[in-house]
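Enquirer: Numbering (the working numbering), first residue to last: 46 to 298. Backbone N, C-alpha and C fix where the C-beta goes; we use that ideal spot for every residue, glycine too. Quick caveat, the model's predicted, so the values are computed rather than measured.
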Ligand code: PEP
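1. Work out the CA separation of residue 63 and residue 75 for me, nearest whole Å.
2. Restricting to Cα atoms, I'd like to know which of 238, 280, 134 and 110 is closest to residue 103.
3. Which term fits residue 82, buried or exposed, when burial requires 16 or more other beta carbons within 10 angstroms of its beta carbon?
4. Using a Cβ-based criterion (distance less than 6 angstroms to any ligand heavy atom), does residue 119 qualify as near the ligand PEP?
5. Give me the Cα-Cα distance between residue 97 and residue 68, rounded to the nearest whole angstrom.
6. Residue 169 by DSSP, collapsed to three states: which one?
7. Let me know the alpha helix (DSSP H) ranges lying completely inside the segment 182-235, each 4 residues or longer, listed in chain order.
8. Out of 292, 233, 167 and 251, point me to the one whose CA is closest to residue 261's CA.
9. Taking buried to mean at least 16 other C-beta atoms within 10 Å of its own C-beta, is residue 123 buried or exposed?
10. Would you kindly check if the distance between the Cβ of residue 267 and the Cβ of residue 296 is under 7 angstroms?
11. Return yes when the C-beta of residue 172 is under 6 angstroms from any heavy atom of the ligand PEP, and no when it is not.
12. Looking at the structure shown, is residue 56 part of a helix, part of a strand, or coil, going by DSSP?
13. Taking just the CA atoms, how far does residue 217 sit from residue 182?
14. If you draw a straight line from the alpha carbon of residue 147 to that of residue 59, how long is it in whole angstroms?
15. Taking 6 angstroms as the cut-off, is the CB of residue 219 close to at least one heavy atom of the ligand PEP?
16. DSSP has residue 84 in a bridge; who is on the other side?
17. Check whether the Cβ atoms of residue 138 and residue 168 lie closer than 7 angstroms to each other.
18. At what residues does the alpha helix (DSSP H) containing residue 96 begin and finish?
19. Using a threshold of 6 angstroms, is the CB atom of residue 160 nearer than that to any non-hydrogen atom of the ligand PEP?
20. Opposite residue 114 in the DSSP bridges: which residues?
21. Can you tell me which of 189, 163 and 177 puts its alpha carbon nearest to the alpha carbon of residue 171?
22. Report all residues from its chain with a CB closer than 8 angstroms to the CB of residue 143; omit the five preceding and five following residues, and keep chain order.
23. Which same chain residues, not among the five before or five after residue 205, have their C-beta less than 7 angstroms away from its C-beta?
24. Any heavy atom of the ligand SAM closer than 6 angstroms to the Cβ of residue 277?
Dropping the structure here:
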């Protein structure tokens, strides 16, 4: 963490919690976030967004969606636009999560369009990048991460880059219980910052919050968050347990 950048602890609930269950979980999470000096975000399923926005109003917790469509409106059955999210009080949106890339054929080209749509609507995109185990073992991780960053952020100006959050999420660490070591996570978060410096200038790169995601939990959070280029966490499984999420928030103080 670095005091010049915003520290963000974001929960990604994935496809978990009905609206009633979401209300109950938020009731437990809100007191744990009340004294937080970091930014706390809950990225919830679409149908939970209204209840989450209502319940968190006036609190320290911001609400995020887990996806959007890049078009403003039209014949895209089943999709949700950035303006729809913005109008109900959503402020963040996860874009390019590896599960969307893997199961829903999301590409760097569509991720890039979605980043543009989020920024145009005043939402803060949380761009997810990360390598597979195979790519790591073949030593092509750095090239893969740099390519993702370059294409996904190709339409973003240096001025707008200050409104983008990047999450490094090694695919092999997501939902597997296998966390990257703090050295591995720091190495790639630094690589991401160096790539941002090349693209947008060192001054801008220094302002971007870069999160680590991949089996972050109450036990390993403090060590990961102590790394100089890790400015927070994107947390899946552990964000569904209020106590664990609360401990990760506390580790970010
Ligand atoms: C995620 O979904 O972004 C994630 C990091 O999941 P988990 O914490 O469960 O590995």
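Expert: Put simply:
1. A straight line joining the alpha-carbon of residue 75 with that of residue 63 spans about 18 angstroms.
2. 134
3. By the neighbour-count criterion, in which 16 or more other beta carbons inside 10 Å mark a residue as buried, residue 82 falls on the exposed side.
4. no
5. 7 angstroms
6. strand
7. 186-197 and 203-206
8. 292
9. Exposure of residue 123 is indicated by the presence of fewer than 16 other C-beta atoms within 10 angstroms of its C-beta.
10. yes
11. no
12. Correct three-state label for residue 56: strand.
13. 11 angstroms
14. 14 angstroms
15. yes
16. 53
17. yes
18. 94-101
19. Taking the Cβ of residue 160 as the reference point, every heavy atom of the ligand PEP lies at 6 angstroms or farther away.
20. 126
21. 163
22. 173, 175, 214, 216 and 219
23. 164
24. The ligand SAM is not part of this structure, which contains only the ligand PEP.
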